[in-house]
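Participant: Numbering (my numbering), first residue to last: 714 to 1202.
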Amino acid sequence: MPIVLAVQQTFFNNLVDGDAPPKQRRAARLTIVAMAVVAAACIPFARHSLPVVPVLLPMVGSIAAVAQLLTGGMLYNRYRQSGLPSVAILAIVYLTALLTSLAFLISLPDVTPQTGILRPITRLASWYYLIGSLVFVVQIVALVRADDAERRNRHASSHQALRRVLLGTLLAIVGCAVLGPVASAPFASIFATKTFTLVRLYVIVPAIALALVVAYAYVNSVFQRRLTMIRLWLGVVVLATFFQLVLSTEYSTPHFSVGWIVVLAFWVVASALFLTTMVVNVYDTLSMLSLHNEALYEQSVSDELTGLLNRRGFNLRLEEQFRRSARIEESLAVLLIDMDDFKRYNDTFGHQSGDRAIASVARVIASMLRRAGDAGARIGGDEFAVILPKTDMAGAVSVAERIRSNVERLAIVQGDGARFPQITVTVGVTSVNLSGVHVLEASMSTETTVLIGRADAALYAAKDAGRNCVRTHQGPLAVHGGGESSLAG
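1) For residue 1069, count neighbouring C-beta atoms within 10 Å of its own C-beta (all shown protein chains included) and say buried if the count is 16 or more, exposed if not.
2) Are residue 1073 and residue 1125 closer than 8 Å when you measure CB to CB?
3) In whole angstroms, give me the CA-to-CA distance for residue 1178 and residue 1033.
4) In the structure shown, what three-state DSSP assignment does residue 1102 receive?
5) Can you have a look at residue 944 and say buried or exposed, based on whether 16 or more other CB atoms are within 10 angstroms of its CB?
6) Curious, which full-length alpha helix (DSSP H) runs of at least 4 residues does the stretch 730–789 contain?
7) Using DSSP with H/G/I as helix, E/B as strand and the rest coil, what is residue 942?
8) Just the C-alpha distance for residue 931 and residue 857, rounded to the nearest angstrom, thanks.
9) Smallest Cα separation from residue 757: which of 1174, 1104, 972 and 1140?
10) Output yes or no for whether 8 Å exceeds the beta carbon distance between residue 1160 and residue 1027.
11) Count the other CB atoms, across all protein chains shown, that sit within 10 Å of the CB of residue 716; report buried if there are 16 or more and exposed otherwise.
12) How close, in whole Å, do the beta carbons of residue 928 and residue 853 come, if the pair is a contact with beta carbons under 8 Å?
13) Buried or exposed: which applies to residue 1012, given that a residue is buried once 16 or more other Cβ atoms fall within 10 Å of its Cβ?
14) Taking C-alpha atoms, which residue in 1060, 1094 and 1044 lies nearest to residue 1051?
15) Keeping to the same chain, check which residues put their C-beta closer than 7 Å to that of residue 859; ignore five residues upstream and five downstream.
16) Less than 6 Å between C-beta atoms, sequence neighbours within five positions excluded: which residues of the same chain meet that for residue 1140?
17) Got a sec? Which residues, its chain only, sit under 6 Å from residue 936 by beta carbon, not counting five neighbours each side?
18) Taking the alpha carbon of residue 951 as the point to measure from, which residue in 923, 974 and 970 has its own alpha carbon closest?
19) To the nearest whole angstrom, what separates the beta carbons of residue 969 and residue 765, a pair I think is in contact under 8 Å?
20) Tell me whether residue 795 sits in a helix, a strand or coil according to DSSP, three-state version.
21) Using the Cα positions of residue 809 and residue 882, report the straight-line distance between them to the nearest angstrom.
22) Counting pairs of Cβ atoms below 8 Å between the stretch 1004–1020 and the stretch 1057–1066, do you hit three or more?
23) Helix, strand or coil: which one does DSSP assign to residue 865?
24) For a quick check, are the C-beta atoms of residue 1144 and residue 1042 less than 8 Å apart?
25) Please report the distance separating the alpha-carbon of residue 861 from that of residue 868.
26) Using 10 angstroms around the beta-carbon of residue 916, count the other beta-carbons present and answer buried if the total reaches 16, otherwise exposed.
27) Tell me the DSSP bridge mates of residue 1091?
28) Which stretch, first to last residue, makes up the alpha helix (DSSP H) that contains residue 984?
29) Pick out the complete beta strand (DSSP E) segments inside the stretch 1038–1063, 3 residues or longer, and give them in chain order.
30) For the alpha helix (DSSP H) that contains residue 916, what are its first and last residues?
31) Can you list, in chain order, the residues of its chain with a C-beta nearer than 6 Å to that of residue 1247? Leave out the 5 residues immediately preceding and following it.
32) Just tell me which of 1081, 1122, 884 and 848 has its CA closest to the CA of residue 1109.
33) Which whole-angstrom value is the C-beta distance of residue 985 and residue 780, which I expect to be below 8 Å?
34) Let me know the secondary structure DSSP gives residue 1146 once reduced to three states.
35) What is the residue span of the alpha helix (DSSP H) that residue 908 lies within?
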């Protein structure tokens, strides 16, 4: 749950507060150019007839309605968390568009039967559409004003804008729901006159189209200083609505024509574009958080001084390789490495020099790890460990000896009173053959502990032998009933 909340918080902060990144701006511009090209290209062929598909309009309407519902629901949920009036207004924009889409669909002759009580409503389809477009423009302008008020910490003004939008939207919805059916018959006869047709074509539609262009300019910071993600993509939605309005003037193009299909396409774009943007940005946010979590995990299992694994990382990697080696029935070797008389070096040259010496030894160890599964770790102040999958005892001893000799060749001068004149290491080696052995998950920690214990015993044997040498320890595997294993030392 905390991860989900973090994703939501990061995403909506980027959407509402963050400046639109260049990648998003390019995507928005390309979308606008594509819409303009499609709109211009279809004009000469707008009345060209296409095959009739009766389910097309209900299907497209359903897609648009679902997209509007999901977008409005997501934004309302965010408003409940943030309390930002601008987010509430944006939710109202999409929920109002949902109701407008449903009213428009119901009023279409293709959807509503031409008989009965709903017959007069079918004459008002284009007017419902125009009213919805006008309400959309007013809501978008109110949204931008509320957003500006929030950025200036004028919270009273933003809440006042929310109340006005809510009241105006409710009045528009009630007016269309109540007056539409009641007055549809007289309105329909008036609207059918040539005078009103001309007024609609050459006054109302151009006025709403101009209002959409002005709203686009307002949203996209022509009059504002910042272009946020919300404004960027709302601007694209406004232009999609503009192209839809221009192409559907008078609802003039016949059904199942090229122009009519393009109008439906713009309807879906205007309805689903913001939702698509939110989904894409949620994915980007998840990817960013995933990378961040991976970086945090790497930090949690890495030693800052040497870049090798730390003790926790060593334990996790050993269990992982033990499990894998048991599955593929291969050998697994572990080396424990101790820097000889390192306290004397620290006492003589200081801790900063000691850190440099540790880093030098770590580089030698890292240079011996040449396969993907090999891993080195710093498990203590001057103690290291190496994991070597697919390595028998002879191979592990060879690696251990190369590490020991290469450290000695560094010729780092030792401290006063040390056994050797230069920094040296002592190595304990163990290897286990897991062929034919089934290891229970519950006993994994015990098995790896026993394996480390063997390497530790070998390390102590090397210390007893005078240090600066390699010693081994290899015990048999005892297999219990049922094929479960336990390492025996």
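By construction, the Cβ of each residue, glycine as well, lies at the ideal position given by its N, Cα and C atoms.
Model, not experiment: these values are computed from the prediction.
Facilitator: Reading off the structure:
1) Mapped onto the sequence shown, residue 1069 falls at position 356. With fewer than 16 Cβ atoms within 10 Å of its Cβ, residue 1069 is classed as exposed.
2) Sequence index remark: in the sequence shown, residue 1073 carries index 360 (1-based). Sequence index remark: in the sequence shown, residue 1125 carries index 412 (1-based). Their beta carbons are under 8 Å apart, which means residue 1073 touches residue 1125 by this criterion.
3) Position 465 of the sequence shown, counted from the first residue, corresponds to residue 1178. Position 320 of the sequence shown, counted from the first residue, corresponds to residue 1033. Cα to Cα, the separation comes out at about 33 Å.
4) Residue numbering aside, residue 1102 sits at position 389 when the sequence shown is read from its first letter. Strand, per DSSP.
5) Sequence index remark: in the sequence shown, residue 944 carries index 231 (1-based). It counts as buried.
6) 735–755
7) Translated into the one-based positions of the sequence shown, residue 942 becomes position 229. In this structure, residue 942 counts as helix in the three-state DSSP scheme.
8) For the purposes of this step, residue 931 is taken as residue 218 along the sequence shown, with counting starting at 1. For the purposes of this step, residue 857 is taken as residue 144 along the sequence shown, with counting starting at 1. Taking the straight line joining both Cα atoms gives about 8 Å.
9) As a working note, residue 757 is residue 44 in the sequence shown. Out of 1174, 1104, 972 and 1140, 972 has the C-alpha closest to the C-alpha of residue 757.
10) In the sequence shown, the residue the question calls residue 1160 occupies position 447. In the sequence shown, the residue the question calls residue 1027 occupies position 314. No; because the gap between Cβ atoms is not below 8 Å, this pair is not in contact.
11) Position 3 of the sequence shown holds residue 716. Residue confidence is low: residue 716 scores 48 on pLDDT, short of 50, so the model does not pin down where it sits. Its coordinate-derived value is still stated next. Residue 716 comes out exposed.
12) If you number the sequence shown from 1, residue 928 lands on position 215. If you number the sequence shown from 1, residue 853 lands on position 140. About 5 Å separates the two Cβ atoms, so the contact holds.
13) Taking the sequence shown and counting its residues from 1, the one referred to as residue 1012 is at position 299. That one is exposed.
14) Working through the sequence shown from its first residue, we reach residue 1051 at position 338. With distances taken between Cα atoms, residue 1051 lies closest to 1094.
15) Here residue 859 corresponds to residue number 146 of the sequence shown, with the count starting at 1. Only 798, 799, 802, 871, 874 and 875 meet the Cβ criterion.
16) Walking along the sequence shown from the start, residue 1140 turns up at place 427. Same-chain partners within the cutoff: 1048, 1050, 1113, 1117 and 1183.
17) Residue numbering aside, residue 936 sits at position 223 when the sequence shown is read from its first letter. Note on residue 936: pLDDT 44, under 50, position unreliable in the model; the coordinate value appears next. Closer than 6 Å at the Cβ level, and outside the excluded window around residue 936, lies no residue.
18) By 1-based counting over the sequence shown, the position of residue 951 is 238. If we check each option's Cα against that of residue 951, 923 comes out closest.
19) In the sequence shown, residue 969 corresponds to position 256, counting from 1. In the sequence shown, residue 765 corresponds to position 52, counting from 1. Yes, they are in contact, since the Cβ atoms of residue 969 and residue 765 sit about 5 Å apart, within 8 Å.
20) On the sequence shown, position 82 is the one that residue 795 refers to. Here residue 795 sits in helix by DSSP.
21) As a working note, residue 809 is residue 96 in the sequence shown. As a working note, residue 882 is residue 169 in the sequence shown. About 7 Å.
22) no
23) As a first step, residue 865 is located in the sequence shown; it is residue number 152 there, counting from the start. Coil, per DSSP.
24) Taking the first residue of the sequence shown as position 1, residue 1144 is located at position 431. Taking the first residue of the sequence shown as position 1, residue 1042 is located at position 329. Contact: no.
25) Sequence index remark: in the sequence shown, residue 861 carries index 148 (1-based). Sequence index remark: in the sequence shown, residue 868 carries index 155 (1-based). Their Cα atoms are separated by approximately 10 Å.
26) Here the question's residue 916 lines up with position 203 in the sequence shown. Residue 916 should be labelled exposed.
27) Start at 1 with the first residue of the sequence shown, and residue 1091 comes out as number 378. Note: residue 1091 sits in a beta bridge opposite 1097.
28) The residue labelled residue 984 in the question sits at position 271 within the sequence shown. That run of the alpha helix (DSSP H) goes 971–1014.
29) 1044–1052
30) Position 203 of the sequence shown, counted from the start, is the residue given in the question as residue 916. No alpha helix (DSSP H) holds residue 916; DSSP gives it neither H nor E.
31) Because the chain in this structure spans residues 714 to 1202, residue 1247 falls outside the shown range and cannot be described.
32) Here residue 1109 refers to the residue found at position 396 when the sequence shown is read from its first residue. With distances taken between Cα atoms, residue 1109 lies closest to 1081.
33) As a position in the sequence shown, residue 985 is number 272, starting the count at 1. As a position in the sequence shown, residue 780 is number 67, starting the count at 1. Residue 985 to residue 780, Cβ: 4 Å. Contact.
34) If you number the sequence shown from 1, residue 1146 lands on position 433. In the structure shown, residue 1146 sits in a strand (DSSP, three-state: E or B).
35) Position 195 of the sequence shown, counted from the start, is the residue given in the question as residue 908. That run of the alpha helix (DSSP H) goes 907–912.
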